[in-house]
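Working notes, structure below.
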Amino acid sequence: MFSTSKTGFTLFAGALVALTLGGGAKAADQVRVRGTVESLQGNILSVKTREGSSAKIMLKDGWKVSGVAKASVDDIKPGDFVGIASLPTASGGDGALEVLIFPAAMKGTGEGSYAWDLKPNSSMTNATVADAVKSVDGHAVTVSYKGKEKKITIPDGTPVVTFANAVETDIKPGATVFVSSEKADDGSMSSGRVVVGTNGVVPPM
1 MFSTSKTGFT
11 LFAGALVALT
21 LGGGAKAADQ
31 VRVRGTVESL
41 QGNILSVKTR
51 EGSSAKIMLK
61 DGWKVSGVAK
71 ASVDDIKPGD
81 FVGIASLPTA
91 SGGDGALEVL
101 IFPAAMKGTG
111 EGSYAWDLKP
121 NSSMTNATVA
131 DAVKSVDGHA
141 VTVSYKGKEK
151 KITIPDGTPV
161 VTFANAVETD
171 IKPGATVFVS
181 SEKADDGSMS
191 SGRVVVGTNG
201 VVPPM
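Under the numbering used here, the residue at position 159 of the sequence shown is numbered 159, and the numbers go up by one with no gaps.
Shown next, in the form of structure tokens:
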């Protein structure tokens, strides 16, 4: 199993709220930037996005950096709080695209199921694992949130991560990043948090 220090919980908190809340009045102003670092000059982060364009993000005073660490589907236990990006499957229900296991101290963060832009028609469900069972095609979990339940299959090979510490020097050219940003009316973007891949583990969200 994995562990995160109390300091780590504090550092990750801001990122988790921005990263996992898919609804709310400000949703239209949120832009999730996924891609690789081109440069970090002062407080300006340049990212080559997954769509192929270049994005410049102004990092706010006191901005923080977080990493992710590889976990296993076997780490997911009943009672855990998880964030699962998923897509509807042809056979019904949802199939996971990635799974984020929250530290126990952050249970309840962004609870609910929301539209997500990892892939077209994807959703993000932050919920408590009610049941986890092994199947021939991988795992299936039943999660509960706000009085509702949802069953999500987790195919073999689905990325499963938790959180890890990172430092500013990890944000180097070629590093994979996920940045939940605020977009102003003039098109400029700003953020107080960068999630960066380290040690070969990239942000899958």
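Positions of the beta carbon are idealized from the N, C-alpha and C atoms, including for glycine.
Among the options, nearest to residue i - alpha-carbon criterion
i, options, result
"V202", "E98, G42, I44", "E98"
"G95", "D61, G197, V143", "V143"
Opposing strand residues paired with residue i [DSSP bridges]
i, result
"D94", "P88, I152"
"K56", "S46"
"S66", "N165, V195"
"A115", "S123"
"I101", "V82"
Between the CA atoms of residue j and residue i - distance to the nearest angstrom
i, j, result
"K150", "Q41", "44 Å"
"D29", "S180", "10 Å"
"G83", "D185", "30 Å"
"I44", "S91", "45 Å"
"V208", "V73", "Because residue 208 is not part of the residues shown, which for the chain are 1 to 205, the question remains open."
"K119", "L59", "26 Å"
"D117", "E182", "15 Å"
Status (buried if at least 16 other CB within 10 Å, exposed otherwise) for residue i
i, result
"V161", "buried"
"I57", "buried"
"N126", "buried"
"S86", "buried"
"A71", "buried"
"S123", "buried"
"P159", "buried"
Proximal residues to residue i (C-beta, below 8 Å), its chain only, five neighbours per side dropped
i, result
"V167", "V65"
Cβ neighbours of residue i in the same chain (closer than 7 Å, five flanking residues each side left out)
i, result
"A69", "F2, V161, T162, F163, A164, V201"
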